[in-house]
Structures are given as C-alpha cells and as structure tokens.
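In what follows, a single structure is set out as structure tokens and then discussed.
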Amino acid sequence: MPNYRDDLDRVFHALSDPTRRALIERLVRGPASVSELARPFEMALPSLLQHLGVLERAGLVTSTKVGRVRTFQLAVDALTPGADWIGRQRLPAERRLDRLGDFLTPDNTKEN
Numbered sequence: 073m074p075n076y077r078d079d080l081d082r083v084f085h086a087l088s089d090p091t092r093r094a095l096i097e098r099l100v101r102g103p104a105s106v107s108e109l110a111r112p113f114e115m116a117l118p119s120l121l122q123h124l125g126v127l128e129r130a131g132l133v134t135s136t137k138v139g140r141v142r143t144f145q146l147a148v149d150a151l152t153p154g155a156d157w158i159g160r161q162r163l164p165a166e167r168r169l170d171r172l173g174d175f176l177t178p179d180n181t182k183e184n
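Residue numbering for the sequence shown follows this note's numbering, starting at 73 and increasing by one per position.
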C-alpha cells in the first residue's frame, strides 16, 4: 500500500498549485504544445516546464517530442485515484450527517 499512498500524495501535491490546475484544465480540451500551454501565463518558460514536470511525475500528464516540439496530453484516467480517494472519504461523512439528520428530525409518529 505505500506505493498507492505515494502516488496519491504526488497527485494531490501536483493539484495543489493553481498554475498546474489551470494546465490540467487546458489539457482536458486536448493535447497542446509547451508554447501553447505557456501563452496564457506570465512566467518564464523554465518555470512552466517545472510545473509540467511535476504533473508528469505525478502521472497526470504525458508528453511526446517530435523534432523540437514537445506536446503534452492528459493521461488516461489520471484523476481517477484522487476522485476515488475523495469518494471513499465522503461516504462515511455522509452517513454521519444522515444519522445526525435522523436525530434532529422530530418524530412525527408520536401522538400528542
């Protein structure tokens, strides 16, 4: 299980940065070259490449290089481990809230 936890840590770390989340949002629409990805950001290209490297090491994106052009794309099912983990945490919390709701709801079956 340590590998799962390490992988999940890398995913959440990668998604903790707003620039990296914006890159993911762009890549949801399809593959893009580094220069295309860099266009909306006011940062040096090496800084953007560092962000892309974090995303790639986390397994969220993959890249291919043809000639001098590197293109990034969202990895298939890249966000599934994070979504699964969040879902598993939400279920027990929802059950607790349901029990609290049951406790706070007046019992309408009692006669006055």
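Where is the CB? At the ideal position from N, CA and C, for every residue including glycine.
Note that the structure is a prediction, hence the values are computed from the model and not measured.
Exercise for the section: Please work out which residues of its chain come closer than 8 angstroms, Cβ to Cβ, to VAL126, disregarding the five sequence neighbours upstream and downstream, and give them in chain order. Expected result: Locating residue 126 in the sequence shown gives position 54, counting from the first residue. If we look at VAL126 and ignore the five residues flanking it on each side, its Cβ neighbours are HIS85, ALA86, ASP89 and ARG92.
Exercise for the section: Compute the distance between the beta-carbons of LEU80 and GLN145, then report whether it is under 8 angstroms. Expected result: By one-based count along the sequence shown, residue 80 stands at place 8. By one-based count along the sequence shown, residue 145 stands at place 73. No; because the gap between Cβ atoms is not below 8 angstroms, this pair is not in contact.
Practice task
From the DSSP output, in three-state form, read off THR152 for me.
Solution key: For the purposes of this step, residue 152 is identified with residue 80 of the sequence shown, where counting begins at 1. It is helical.
Practice task
Return the Cβ separation of VAL133 and ALA116 in integer angstroms, given the expectation that the two are a contact with Cβ distance under 8 angstroms.
Solution key: Position 61 of the sequence shown, counted from the start, is the residue given in the question as residue 133. Position 44 of the sequence shown, counted from the start, is the residue given in the question as residue 116. The Cβ separation is near 20 angstroms, so there is no contact.
Handout entry: 8 angstroms contact criterion, which LEU121 and LEU95 should meet: CB distance rounded
Key = Along the sequence shown, read from residue 1 onward, the residue named residue 121 stands at position 49. Along the sequence shown, read from residue 1 onward, the residue named residue 95 stands at position 23. Contact flag wrong, Cβ pair sits at about 11 angstroms.
Problem - Cβ distance (whole Å) where ARG82 is taken to contact ARG129 below 8 angstroms - result: Counting from one through the sequence shown, the residue named residue 82 turns up at place 10. Counting from one through the sequence shown, the residue named residue 129 turns up at place 57. The Cβ separation is near 6 angstroms, so the contact holds.
Exercise for the section: Could you check which residue in ASP78, PHE113, ILE158 and LYS137 has the C-alpha nearest to that of SER105? Expected result: Position 33 of the sequence shown, counting from 1, holds the residue named residue 105. SER105 has its Cα closest to that of LYS137, out of ASP78, PHE113, ILE158 and LYS137.
Practice task
Taking only the alpha-carbon atoms, compute the straight-line gap between ASP149 and ASP78 and give it to the nearest angstrom.
Solution key: To locate residue 149, count along the sequence shown from 1; it is residue 77. To locate residue 78, count along the sequence shown from 1; it is residue 6. Straight-line Cα distance between these residues: approximately 17 angstroms.
Problem - First and last residue of the uninterrupted alpha helix (DSSP H) at THR91 - result: As a working mapping, residue 91 is identified with position 19 in the sequence shown. From DSSP, the alpha helix (DSSP H) with THR91 extends over 90–100.
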